[in-house]
Amino acid sequence: MNDKPLAPTGAPAGANYVLVCHGGAGTMSRGGSTPEQRAEYRAALRAALKAGYKILSAGGEAMDAVTAAVSSMEDCPLFNSGKGAVFNTAGKNELETSLMLSKPPASHPTIPPARRGVGLTLLTHVRNPSALARALYLAPDLLPHPFLSGATAESLAESLGQPLVPSSYFYTKKRWLEHRRGLGLPDEPFPYPDPDEDEKTGDDFPLLDLQPTGTVGAVALDVRGCIAALTSTGGRTNKLVGRVGDTPHMGAGFWAEEWPAGWVQNTPQKGKFRPGRIGSRNQ
């Protein structure tokens, strides 16, 4: 099935569309961060918003807008997703993502109405898990299930042309130090050569939190009244190998529905929900 979206013709004058992004639930206090750090995060969030808003303002699909926004954050090492994902107890990255729509996108009318989303977990080589979730959602004949994990998901990623990367791609020194210090281990040895020789080391290295819960996400409402919610995460620092969190499960980490209150996203800390107030009601 062709997963390329139809070219949008532009949003009608006065059309309603909404995009909301978040960079996770990790802590960043003013006392524990610099103005420069906070400015970096704001700039990265603005870039994600612009990527998604460009699609919505052109009349594009909510699904494509949230994918663009979340992919932008996955490519940014500031966030606990994609490039900046945290490490598990074995010093490895295991990524999770999920996509849900309130109804099939207008650009792909053959998608069955009962097909609401796709969740993926235990990914170790997919550069943009969010883009893979979108691609698999649009391929029901290739993936008839709403949930998939590990090597099978990555083999399908390769067949769909989704970029696969070596484990070293996800490495950042900040996350490595969080991992090692969280286990009470010395900072070294580092698993890969330092990608930035100027990066700080030692006690002055700016660590935000030894237990970050930074599931990033985006929610969009397009001009057709479709809502899409997309989340992506590396999970929790020093999670057990093979741990599956709430993020890839519809109804646990995310939801998209055409109700007055139409979405909710959870953090990896059980029971801490962030309910939303965005939705669509067809008149």
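Using the numbering used here, you'd call the opening residue of the sequence shown number 102 and step up by one each time.
Where is the CB? At the ideal position from N, CA and C, for every residue including glycine.
_Residues that DSSP places opposite F355 in a beta bridge_ = Along the sequence shown, read from residue 1 onward, the residue named residue 355 stands at position 254. Note: F355 sits in a beta bridge opposite M351.
*For the alpha helix (DSSP H) containing L257, list its first residue and its last residue.*
As a position in the sequence shown, residue 257 is number 156, starting the count at 1. Residues G251 to S260.
*Just curious, the beta strand (DSSP E) that I212 is in, first and last residue?*
Counting from one through the sequence shown, the residue named residue 212 turns up at place 111. Here I212 belongs to no beta strand (DSSP E), and DSSP marks it neither H nor E.
*For L257, I'd like the list of residues in its chain whose CB is within less than 7 Å of its CB, leaving aside the five on either flank, ordered along the chain.*
Taking the first residue of the sequence shown as 1, we reach residue 257 at position 156. Same-chain partners within the cutoff: L237, L243 and L244.
_Simplified DSSP assignment, three categories, for G197_ = Along the sequence shown, one-based indexing puts residue 197 at 96. Per the sequence shown, the amino acid found at residue 197 is Glu instead of Gly. Note: E197 maps to strand in three-state DSSP.
_Where A330 falls: helix, strand or coil (DSSP)_ = For the purposes of this step, residue 330 is taken as residue 229 along the sequence shown, with counting starting at 1. Strand at A330.
*Evaluate the contact criterion for the stretch 332-344 versus the stretch 176-195: three or more CB pairs, one atom per stretch, below 8 Å.*
yes
*A170 vs A357 beta-carbon contact at 9 Å*: On the sequence shown, position 69 is the one that residue 170 refers to. On the sequence shown, position 256 is the one that residue 357 refers to. Cβ distance not < 9 Å, so A170 and A357 don't count as in contact.
_Below 8 Å on the Cβ atoms is my contact criterion, and I expect L331 with L200 to pass it. Report the Cβ-Cβ distance as a whole number of Å._
Start at 1 with the first residue of the sequence shown, and residue 331 comes out as number 230. Start at 1 with the first residue of the sequence shown, and residue 200 comes out as number 99. Their Cβ separation, rounded to whole angstroms, is 5 Å, which keeps L331 and L200 in contact under 8 Å.
_Where F248 sits in the DSSP three-state scheme_ = For the purposes of this step, residue 248 is identified with residue 147 of the sequence shown, where counting begins at 1. DSSP, read as helix, strand or coil, puts F248 in strand.
*Proximity to V324 [Cα-Cα], best of M164, T135 and Y142*: As a position in the sequence shown, residue 324 is number 223, starting the count at 1. V324 has its Cα closest to that of M164, out of M164, T135 and Y142.
_F291 burial status per 10 Å Cβ neighbour count (16 or more: buried)_ = Reading the sequence shown from its first residue, position 190 is the one you call residue 291. Classification of F291: exposed, given that the 10 Å Cβ count is below 16.
_Segment limits, beta strand (DSSP E) that includes V121_ = On the sequence shown, position 20 is the one that residue 121 refers to. If you look at V121, you'll find it in the beta strand (DSSP E) that goes V119 to H123.
*asked:* Beta-carbon within less than 6 Å of K340's beta-carbon, same chain only, minus the 5 sequence neighbours each way: which residues are those?
replied: The residue labelled residue 340 in the question sits at position 239 within the sequence shown. Around K340: N189.
*What is the C-beta distance between L221 and P230, in whole angstroms, given that I count them as a contact (C-beta under 8 Å)?*
Your numbering for residue 221 matches position 120 in the sequence shown. Your numbering for residue 230 matches position 129 in the sequence shown. Right, their Cβ atoms sit about 6 Å apart.
*asked:* Going by C-alpha to C-alpha distance, which of E289, Y293 and R282 sits closest to S269?
replied: Within the sequence shown, numbered from 1, the residue matching residue 269 stands at position 168. Minimum Cα distance to S269 is reached at Y293.
*Check each candidate in L239, E141, A144 and G132 and name the one with the smallest Cα separation from T168.*
Mapped onto the sequence shown, residue 168 falls at position 67. Of the listed residues, the one whose Cα sits closest to T168 is L239.
*Exposed or buried, what is R143 when buried is set at 16 or more other beta-carbons lying within 10 Å of its beta-carbon?*
Numbered from its first residue, the sequence shown carries residue 143 at position 42. Result: exposed.
_Reduced DSSP secondary structure (H/G/I, E/B, other) of T76_ = What is shown of the chain runs 102 to 384, which leaves residue 76 out entirely.
*Under a three-way DSSP split, which group does G318 fall into?*
Your numbering for residue 318 matches position 217 in the sequence shown. G318 falls in the strand class under three-state DSSP.
_Within a Cβ cutoff of 7 Å, which residues of the same chain sit near G185, ignoring the five residues on either side of it in sequence?_
By 1-based counting over the sequence shown, the position of residue 185 is 84. If we look at G185 and ignore the five residues flanking it on each side, its Cβ neighbours are C177, P178, L179, T273 and R276.
*Among residues of its own chain, excluding the 5 on either side of P206, which ones have a beta-carbon nearer than 6 Å to its beta-carbon?*
Walking along the sequence shown from the start, residue 206 turns up at place 105. Cβ within range, chain order: E162 and M164.
_Please state whether the Cβ-Cβ distance between A116 and G160 is less than 9 Å._
Start at 1 with the first residue of the sequence shown, and residue 116 comes out as number 15. Start at 1 with the first residue of the sequence shown, and residue 160 comes out as number 59. A116 places its beta carbon less than 9 Å from that of G160.
*Report yes if the C-beta distance between V317 and M174 is below 9 Å; otherwise report no.*
Position 216 of the sequence shown holds residue 317. Position 73 of the sequence shown holds residue 174. Contact: yes.
*Y239 by DSSP, collapsed to three states: which one?*
The residue given as residue 239 occupies position 138 in the sequence shown. According to the sequence as given, residue 239 is Leu; it is not Tyr. The answer is coil: DSSP assigns L239 none of H, G, I, E or B.
*With a cut-off of 8 Å on the beta carbons, I'd call A319 and C122 a contact; round off their distance for me.*
The residue you call residue 319 lines up with position 218 of the sequence shown. The residue you call residue 122 lines up with position 21 of the sequence shown. Right, the Cβ-Cβ distance comes to about 5 Å (below 8 Å), so this counts as a contact.
*Would you mind reading off the limits of the alpha helix (DSSP H) that contains G283?*
Your numbering for residue 283 matches position 182 in the sequence shown. Its alpha helix (DSSP H) spans residues K274 to G283.
*Buried or exposed: where does R131 fall if 16 or more other Cβ atoms within 10 Å of its Cβ makes it buried?*
To locate residue 131, count along the sequence shown from 1; it is residue 30. Exposed, since its Cβ has fewer than 16 Cβ neighbours within 10 Å.
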